[in-house]
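Novice: Residue 144 in full-length UniProt numbering sits at position 144 of the sequence shown, and the numbers go up by one each step.
Don't be surprised by glycine CBs; every beta carbon is placed ideally from N, CA and C.
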Amino acid sequence: NIMKEISLLPDNLLRTPSVQLVQSDTVIRIRNRHNDVIPTMAQGVIEYKENFGVDPVTSQNVQYFLDRFFMSRISIRMLLNQHSLLFGGKDKGSPSHRKHIGSINPNCNVVDVIQDGYENARRLCDLYYINSPELELEELNAKSPGQPIQVVYVPSHLYHMVFELFKNAMRATMEHHADKGVYPPIQVHITLGNEDLTVKMSDRGGGVPLRKIDRLFNYMYSTAPRPRVETSRAVPLAGFGYGLPISRLYAQYFQGDLKLYSLEGYGTDAVIYIKALSTESIERLPVYNKAAWK
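#1: Quick check on the DSSP output: the beta strand (DSSP E) that includes Pro106 runs from which residue to which?
#2: Could you give the uninterrupted runs of the beta strand (DSSP E) lying entirely in the UniProt domain "Histidine kinase" (155 to 278), keeping only those of 3 residues or more?
#3: How far does the beta strand (DSSP E) with Asn141 in it reach, from first residue to last?
#4: Less than 8 Å between the C-beta atoms of Asn105 and Tyr64, yes or no?
#5: Using a Cβ-Cβ cutoff of less than 7 Å, which residues in the same chain neighbour His160 once the five nearest sequence positions on both sides are dropped?
#6: Find the nearest neighbour of Phe163 within the set Ile114, Pro148, His189, judged by alpha-carbon distance.
#7: For Pro184, which residues in the same chain have their Cβ closer than 6 Å to its Cβ, ignoring the five residues on either side in sequence?
#8: At the level of alpha carbons, what is the spacing between Leu192 and Leu13?
#9: Among Thr16, Ile274, Ala172, Leu21, whose alpha-carbon lies nearest the alpha-carbon of residue 298?
#10: In angstroms with no decimal places, state the Cα-to-Cα distance between Arg233 and Met220.
#11: Helix or strand or just coil, what does DSSP make of Tyr153?
#12: Output the distance between the C-alpha atoms of Leu66 and Ile190, rounded to the nearest integer angstrom.
#13: Does DSSP put Ile130 in a helix, in a strand, or in coil?
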């Protein structure tokens, strides 16, 4: 309750740099204290499945709860990051990000973020498979032809989404074509229209059956072996199965979406939709019903 106590101090005292520094450092400590929430929750779900099994009703209830829980977490961390980046303390933004408004980039270069996500995912893929698929990237700015594709967005949110999608696409491609030794490239198409920014990522990793598409967004389902908890910080190529559902929440947070379209035996298309207009990028938060008041 230290934040509440700080707010009760006299106004003149609250305006002093030293008190503002203490408040900023407190905000940063609160944020960092909850860095491990996702692996902790994932471990709890795994232990529940091992002890009690899974049934459709439980799976649906867990999905409903975790979607709302993680969406709230995205929003809270957004506020904490904004405060720490705007008001200083030990967590000031990098000099290279001076044009950012906190964690928001008014001119987020989509291609740069996607290439950054690809390179980092590729390093992981090279580490696990000693090889990796190439990237073929095409962009079309239908709104302002000839101009680079830029939107008002949080680069870290977009990076999280494309990094997870690249990891999934690379793993599927490497395992599906392991016998051939020739790995088809991952194709990314970026289009900026009047209403939407669309990023489509296509792989030839064999795809999945239609009946399994919804499972890929389920917190109680993962196609990868269970990671060891003590190594969960090492950013594995595949882990608890939370990458896709949380990436979809990041897309939905500002009224976008993430969808999968798969051709079994061939590959999968993952499509990220982001609002092209910042005026339409209103945060989406869970609405709590009266049962939550008790």
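Specialist: In brief:
#1: Here residue 106 refers to the residue found at position 106 when the sequence shown is read from its first residue. Its beta strand (DSSP E) spans residues 105 to 109.
#2: Unbroken beta strand (DSSP E) stretches of 3 residues or longer found wholly inside the UniProt domain "Histidine kinase" (155 to 278): 186 to 192, 196 to 203, 257 to 263, 267 to 275, given in chain order.
#3: Numbered from its first residue, the sequence shown carries residue 141 at position 141. First-last of the beta strand (DSSP E) with Asn141: 135 to 141.
#4: Position 105 of the sequence shown holds residue 105. Position 64 of the sequence shown holds residue 64. No; because the gap between Cβ atoms is not below 8 Å, this pair is not in contact.
#5: As a position in the sequence shown, residue 160 is number 160, starting the count at 1. So the qualifying residues of the chain are Ser247, Tyr250.
#6: Within the sequence shown, numbered from 1, the residue matching residue 163 stands at position 163. Comparing Cα-Cα distances from Phe163 to each of Ile114, Pro148, His189, the minimum goes to Ile114.
#7: The residue given as residue 184 occupies position 184 in the sequence shown. Contacts found: Arg204.
#8: For the purposes of this step, residue 192 is taken as the residue at position 192 of the sequence shown. For the purposes of this step, residue 13 is taken as the residue at position 13 of the sequence shown. Spanning the two alpha carbons is a distance of roughly 48 Å.
#9: Lying outside 1 to 294, the shown extent of the chain, residue 298 is not represented and no answer is given.
#10: Position 233 of the sequence shown, counted from the first residue, corresponds to residue 233. Position 220 of the sequence shown, counted from the first residue, corresponds to residue 220. Here the model assigns Arg233 a pLDDT of 48, short of 50, so the residue's position is not dependable, and the following value carries that caveat. Each residue's alpha carbon lies about 20 Å from the other.
#11: Here the question's residue 153 lines up with position 153 in the sequence shown. DSSP places Tyr153 in strand when its eight states are reduced to three.
#12: Numbered from 1 along the sequence shown, position 66 holds the residue referred to as residue 66. Numbered from 1 along the sequence shown, position 190 holds the residue referred to as residue 190. So the alpha carbons of these two residues sit roughly 30 Å apart.
#13: Within the sequence shown, the letter at position 130 stands for residue 130. Coil.
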